[in-house]
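Student: Under our numbering, the first residue of the sequence shown carries the number 3, and numbering increases by one thereafter. Beta carbons: idealized from backbone N, C-alpha and C, even for Gly. For clarity, every value in this text was computed on a predicted model and none was experimentally measured.
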Amino acid sequence: MPYYRAVGEIPQKRHTQFRQPDGSLYAEELMGQEGFSSDSSLLYHRHLPTAISDSLAYDPGTVEPVTNHPLKPRHFRTHKLGGGGDAVLGRRHLLANADCRISYAVADRPSPLYRNAIGDECVYVEAGTATVETSFGALDVSPGDYLIVPMSTIHRIVPTGDEPLRTLVVESSGHITPPKRYLSVRGQFLEHSPYCERDIRGPEQPLLVEGEDVEVYVQHRGRGARTVWTKFVYPHHPFDVVGWDGHFYPWVLSIHDFEPITGRIHQPPPVHQTFQGPNFVICSFVPRKVDYHPDAIPVPYNHHNVDSDEVLFYTGGNYEARKGSGIEQGSISLHPSGFTHGPQPGAAERAIGIDYFDELAVMVDTFRPLELCDAALECEDTGYAWTWNRSPEA
Numbered sequence: 003m004p005y006y007r008a009v010g011e012i013p014q015k016r017h018t019q020f021r022q023p024d025g026s027l028y029a030e031e032l033m034g035q036e037g038f039s040s041d042s043s044l045l046y047h048r049h050l051p052t053a054i055s056d057s058l059a060y061d062p063g064t065v066e067p068v069t070n071h072p073l074k075p076r077h078f079r080t081h082k083l084g085g086g087g088d089a090v091l092g093r094r095h096l097l098a099n100a101d102c103r104i105s106y107a108v109a110d111r112p113s114p115l116y117r118n119a120i121g122d123e124c125v126y127v128e129a130g131t132a133t134v135e136t137s138f139g140a141l142d143v144s145p146g147d148y149l150i151v152p153m154s155t156i157h158r159i160v161p162t163g164d165e166p167l168r169t170l171v172v173e174s175s176g177h178i179t180p181p182k183r184y185l186s187v188r189g190q191f192l193e194h195s196p197y198c199e200r201d202i203r204g205p206e207q208p209l210l211v212e213g214e215d216v217e218v219y220v221q222h223r224g225r226g227a228r229t230v231w232t233k234f235v236y237p238h239h240p241f242d243v244v245g246w247d248g249h250f251y252p253w254v255l256s257i258h259d260f261e262p263i264t265g266r267i268h269q270p271p272p273v274h275q276t277f278q279g280p281n282f283v284i285c286s287f288v289p290r291k292v293d294y295h296p297d298a299i300p301v302p303y304n305h306h307n308v309d310s311d312e313v314l315f316y317t318g319g320n321y322e323a324r325k326g327s328g329i330e331q332g333s334i335s336l337h338p339s340g341f342t343h344g345p346q347p348g349a350a351e352r353a354i355g356i357d358y359f360d361e362l363a364v365m366v367d368t369f370r371p372l373e374l375c376d377a378a379l380e381c382e383d384t385g386y387a388w389t390w391n392r393s394p395e396a
């Protein structure tokens, strides 16, 4: 995270004596990126964070992605997938490569305690509400929220309210951060950034939970690029942190706080960029005034990003460029490298004179090809690739 926070009780100096009411020392835990060379936070535990009483292999089931072959654009209707389960073990994996995996989950129960030791996660809330409990404290999330969970943070997602929690999840092979061009050399958001520190929510107080023989599911690296899981058993609940400080913690940004950048003629997707990860970016398309040149064509031009796959998750409003394609709430489109894509036939002419788009979408652009997982094939609209033809039967 680009700025410092302090929560709960901490001593005046790092790595000095900090004692519990019974006189014993609190146990320090430094969580940091890139060894000791990048952002970190220092946590103070009531119990040793190193103490585990068991380590058990866990098999969540095999995910075997397949190549997008024959190559074509694809449309997945996530609302056709079955619901139920939790927001971690109940994820339905859709698309994957060596840099990230994109999943969808419909959760109606709390997840187990979970730690992703491979990379950061970005969880976008499409619908429903939840409390995300972490060793840093708790965060409440609601529709439109992006939750960034740093690598190896122990947490669980607890749905609240009456409707199921619907989330789009991007699991990274590394770290997810604001784009570097938005930040100063010291990590402050710059004036041209579409969001800033005031828009970011982090934990505000410790979350202390008692418990013994507590299970934590850990996703970690196996042989090569293979992902494996282990279930640790802790003698004491890991939510025993009385205080922490630093730049490394889970945080939330609402898509509704993203301020769109507009222009007299059509602006390219980089103006919508919200986060960056290893070999991928995440962008937010939000309601906004559109192109105001007198001869402007507000919808996108046909384009071919020759070295990236484009994924769009449609999560609200009306996406003007795709009318007539079958895109609906909860749809995901995949436009791969090697294919030229753009607005539907007639969309450019219809858009002339429009000055406002009421649309909400999350885009993930990857710089390595995405492969298809079973859940994507299960909910695919197989006629989508031909919708640019004026005669769909052709």
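Could you tell me the alpha carbon to alpha carbon distance between S113 and G279, rounded to whole angstroms?
Tutor: Your numbering for residue 113 matches position 111 in the sequence shown. Your numbering for residue 279 matches position 277 in the sequence shown. Here the alpha carbon of S113 sits roughly 25 Å from the alpha carbon of G279.
Student: Quick check on DSSP: helix, strand or coil for W388?
Tutor: For this step, residue 388 is matched to residue 386 along the sequence shown. W388: helix per DSSP, three-state reduction.
Student: Would you say the beta carbon of H47 comes nearer than 8 Å to a heavy atom of the ligand HEM?
Tutor: Of the ligands one can find in the structure shown there are none, so the ligand HEM has no counterpart to examine.
Student: To the nearest angstrom, report how far apart F260 and F38 are at their CA atoms.
Tutor: Stepping through the sequence shown from its first residue, residue 260 is reached at position 258. Stepping through the sequence shown from its first residue, residue 38 is reached at position 36. Using only the alpha carbons, I get a separation of about 32 Å.
Student: So, for N320: in the same chain, excluding its five sequence neighbours on each side, which residues have a beta-carbon less than 7 Å away from its beta-carbon?
Tutor: Taking the first residue of the sequence shown as position 1, residue 320 is located at position 318. So the qualifying residues of the chain are D360 and E361.
Student: On the DSSP letters alone, give me the boundaries of the beta strand (DSSP E) that D147 sits inside.
Tutor: As a working mapping, residue 147 is identified with position 145 in the sequence shown. Taken as a continuous stretch (DSSP letters only), the beta strand (DSSP E) holding D147 covers D147 to V151.
Student: Excluding the 5 residues preceding and the 5 following S393 in the sequence, name in chain order all residues of the same chain whose CB lies nearer than 7 Å to its CB.
Tutor: Here the question's residue 393 lines up with position 391 in the sequence shown. For S393, the predicted model reports a pLDDT of 44, less than 50, meaning its position is unreliable and no value from the coordinates is stated.
Student: Please state the DSSP three-state secondary structure of R188.
Tutor: In the sequence shown, the residue the question calls residue 188 occupies position 186. In this structure, DSSP gives R188 a state outside helix and strand, which the three-state scheme calls coil.
Student: From the DSSP secondary-structure annotation, give me the bridge partner or partners of V220.
Tutor: For this step, residue 220 is matched to residue 218 along the sequence shown. R117 and T232, per the DSSP bridge assignment.
Student: Helix, strand or coil: which one does DSSP assign to I354?
Tutor: Mapped onto the sequence shown, residue 354 falls at position 352. Coil.
Student: Inspect the beta-carbon positions of H222 and I120 and report whether they are closer than 9 Å.
Tutor: As a first step, residue 222 is located in the sequence shown; it is residue number 220 there, counting from the start. As a first step, residue 120 is located in the sequence shown; it is residue number 118 there, counting from the start. Yes; because the gap between Cβ atoms is below 9 Å, this pair is in contact.
Student: What is the C-beta distance between E173 and C102, in whole angstroms, given that I count them as a contact (C-beta under 8 Å)?
Tutor: One-based indexing of the sequence shown puts residue 173 at position 171. One-based indexing of the sequence shown puts residue 102 at position 100. Their Cβ separation, rounded to whole angstroms, is 6 Å, which keeps E173 and C102 in contact under 8 Å.
Student: Whole beta strand (DSSP E) runs in the segment 65-89 with 3 or more residues, listed along the chain?
Tutor: 76-79
Student: Report the residue ranges of all alpha helix (DSSP H) runs contained in full by the segment 299-366; include only those spanning at least 4 residues, in chain order.
Tutor: 349-353, all fully within the segment 299-366.
Student: For the beta strand (DSSP E) holding E123, just list the boundary residues, first then last.
Tutor: Here residue 123 corresponds to residue number 121 of the sequence shown, with the count starting at 1. First-last of the beta strand (DSSP E) with E123: E123 to A129.
Student: By DSSP, does R200 sit in helix, in strand, or in coil?
Tutor: Mapped onto the sequence shown, residue 200 falls at position 198. Correct three-state label for R200: helix.
Student: At which residues does the beta strand (DSSP E) containing D247 begin and terminate?
Tutor: Taking the sequence shown and counting its residues from 1, the one referred to as residue 247 is at position 245. That run of the beta strand (DSSP E) goes V243 to G248.
Student: Leaving out five residues on either side along the sequence, give the residues of the same chain with a beta carbon under 8 Å from the beta carbon of E165.
Tutor: Within the sequence shown, the letter at position 163 stands for residue 165. Closer than 8 Å at the Cβ level, and outside the excluded window around E165, lie A129 and G130.
Student: Using only CA atoms, which one of M153, V151 and A132 lies nearest to S144?
Tutor: Stepping through the sequence shown from its first residue, residue 144 is reached at position 142. Closest by alpha carbon: A132.
Student: H49 and E30: beta carbons closer than 9 Å?
Tutor: Counting from one through the sequence shown, the residue named residue 49 turns up at place 47. Counting from one through the sequence shown, the residue named residue 30 turns up at place 28. Going by C-beta atoms, H49 is not nearer than 9 Å to E30.
Student: May I ask you to report which of helix, strand or coil DSSP gives K291?
Tutor: Position 289 of the sequence shown, counted from the first residue, corresponds to residue 291. Residue state, collapsed to three classes: strand.
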